[in-house]
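Per numbering that gives the first Met the number 0, the very first residue in the sequence shown carries number 0; after that it's consecutive.
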Amino acid sequence: MKTILLSIAILLGISFNAKAQEEGKFRGGLNLGVAIPSGGAGFLFDLELKYNLKDNMNVGFRYGSAVIAKAVKLDSGDEFESANISANASYMATYDYYFVLGGSFNPFVGAGVGAYTLASVSAKDGDEFNDSNLDANTKFGGFIRGGFEASKFRFTLEYDFIPKSTLQDVDGNEVGSITNNYLGVTVGFYVGGGKW
């Protein structure tokens, strides 16, 4: 088994023999994927512009949006029969560090901080609530991520940390809160950045 794994590692190393990204170059990327919050699912996309500080690190700006639907819990522990949360947008300063392996396959870790603009939610729960409102506003948050790039292809796992939002009934009374954190799994590509 060790021989097979070593052989695969050597073949990958030989097949990805291009250079890493180049210092001082700009690059842009597009990523699409799924958003996985607690008790729901959705999809996300982001556009990112980066500047390569060195061959193995870059800083950038990311605009992203996630559309997520999930069940909402009340403070009493009851759960709405249905809930619908519309899109949220994020505006993030980013940083990525690449573990350059000498080819075009490069794992990376990164993080970002910035603002999340949260949308509204509608929900129904029989006769108890006809409508609900989310305390929609802009919240400061961040994310951590990791993944790999191979040539111009990019795969990323990220976790977004966003403060909770308040849920109100039609009379404006606070009846619960919504956790806005989610796990994102994306695939994408980028252009620019120098030779690989």
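Ideal Cβ placement from N, Cα and C applies to all residues, glycine included.
Being a predicted model, the structure only gives us computed values, none of them experimental.
Decide if the region 88-102 is in contact with the region 60-71; the criterion is three or more beta carbon pairs, one per stretch, under 8 Å apart. The region 88-102 and the region 60-71 touch, with no fewer than 3 CB-CB distances between them shorter than 8 Å.
Between which two residues does the beta strand (DSSP E) containing phenylalanine 154 stretch? By one-based count along the sequence shown, residue 154 stands at place 155. In this chain, the beta strand (DSSP E) harbouring phenylalanine 154 covers 152-160.
From phenylalanine 188 to asparagine 30, what does the alpha carbon distance come to, in whole angstroms? For the purposes of this step, residue 188 is taken as the residue at position 189 of the sequence shown. For the purposes of this step, residue 30 is taken as the residue at position 31 of the sequence shown. Each residue's alpha carbon lies about 7 Å from the other.
Is the beta carbon of phenylalanine 152 closer than 9 Å to that of valine 190? The residue given as residue 190 occupies position 191 in the sequence shown. The residue given as residue 152 occupies position 153 in the sequence shown. Between valine 190 and phenylalanine 152, the C-beta gap is not smaller than 9 Å, which leaves the two residues out of contact.
Own chain partners of leucine 182 with C-beta closer than 6 Å, once the 5 adjacent residues on each side are dropped: Residue mapping note: residue 182 aligns to position 183 of the sequence shown, counting from 1. Ile35, Tyr158.
I'd like the list of long-range same chain contacts for glutamate 127, defined as Cβ closer than 7 Å, with 5 residues on each side in sequence excluded. If you number the sequence shown from 1, residue 127 lands on position 128. Here glutamate 127 scores only 46 on pLDDT, less than 50, and its place in the model is too uncertain to base an answer on.
Could you tell me whether the Cβ atoms of phenylalanine 42 and glycine 27 are closer together than 9 Å? Counting from 1 along the sequence shown, the entry for residue 42 is found at position 43. Counting from 1 along the sequence shown, the entry for residue 27 is found at position 28. No.
Length of the line joining the Cα atoms of serine 37 and glutamate 47: Translated into positions along the sequence shown, residue 37 becomes position 38. Translated into positions along the sequence shown, residue 47 becomes position 48. As the crow flies, the alpha-carbon of serine 37 is around 26 Å from that of glutamate 47.
Can you check DSSP and say which residues form a bridge with phenylalanine 44? As a first step, residue 44 must be located in the sequence shown, where it is residue number 45. Bridge partners of phenylalanine 44: Leu31, Ser64.
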